[in-house]
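J.: Anchor point for the sequence shown: position 73 equals 358 in this note's numbering, and the numbering is continuous, going up by one each time.
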Amino acid sequence: MNGTPTPRFRRADARRNYERLLKEARAAFDEHGIDTSLEDVARRAGVGIGTLYRHFPARDSLLEAVLRDRFDALTEHGRALLREPEERPVLLDWSRSLAEMATTYRGLTGALMGTLRDEKSDLHASCEAMRRTGAALLRREQEAGRVRADVDTAEFLALLHGAAWAGEQAFDGASDRRDKLVALVLDGLAPARSGAAAG
């Protein structure tokens, strides 16, 4: 019997490396933001940088794996809101949840805004279900006359990420200020009141 690892052993070892990398990436992103050194992530996980790149060919790949559960949770939250009675406004609830997710790590808001136009990014693909849910919520509010009809999904999401970024930069991520900025965005998307005086 030689010392060559069996395929099952290699798979188990690779899985352990993958899980360690995710754990240490979460810790590093939490401490230093998403621009943290990937070499540092690998070192913290006790593996070489080559091992990290075998699992995650690009920074976006690692970030997507770290955030996948949050994307899925936000999608499910949106789907639950879509089942609420039509007369209940639900867009603010989901929008605040999106802004909270977008500020999980320093620098994430910019990365997520970039995925709106970068279809090759792993983050773009992972966010697709979340974007579709947001589009459905936006359309519901537009059909109810609570949001102006000329706003598209890309504009809506860009405004929300902008509010999240502003809250992070101007108010050090204070959740109450961030939520207020999101509410102000939605106020600005309301249709003009009939008979309102021109400015």
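Don't be surprised by glycine CBs; every beta carbon is placed ideally from N, CA and C.
Going straight from the alpha carbon of M386 to that of L359, what length do you get?
T.: 8 Å
J.: Determine the contact status of S382 and V467, defining contact as a CB-CB distance below 7 Å.
T.: no
J.: Look at the Cβ atom of R353, then the Cβ atom of S406, and state whether they are nearer than 7 Å.
T.: no
J.: Would you mind sorting D345 into buried or exposed? The rule is 16 or more other CB atoms within 10 Å of its CB.
T.: When all chains shown are included, D345 counts as buried.
J.: Under 8 Å by Cβ, that's how I've got Y343 and E309 pegged, so tell me the actual separation to the nearest angstrom.
T.: Going by the sequence as given, residue 343 is Ala instead of Tyr. Not quite, the Cβ-Cβ distance comes to about 17 Å (not below 8 Å), so this is no contact.
J.: Let's see if you can read the secondary structure: which residues bound the alpha helix (DSSP H) around D403?
T.: For D403, no alpha helix (DSSP H) segment is defined, and its DSSP state is neither H nor E.
J.: From D457 to L471, what does the alpha carbon distance come to, in whole angstroms?
T.: 22 Å
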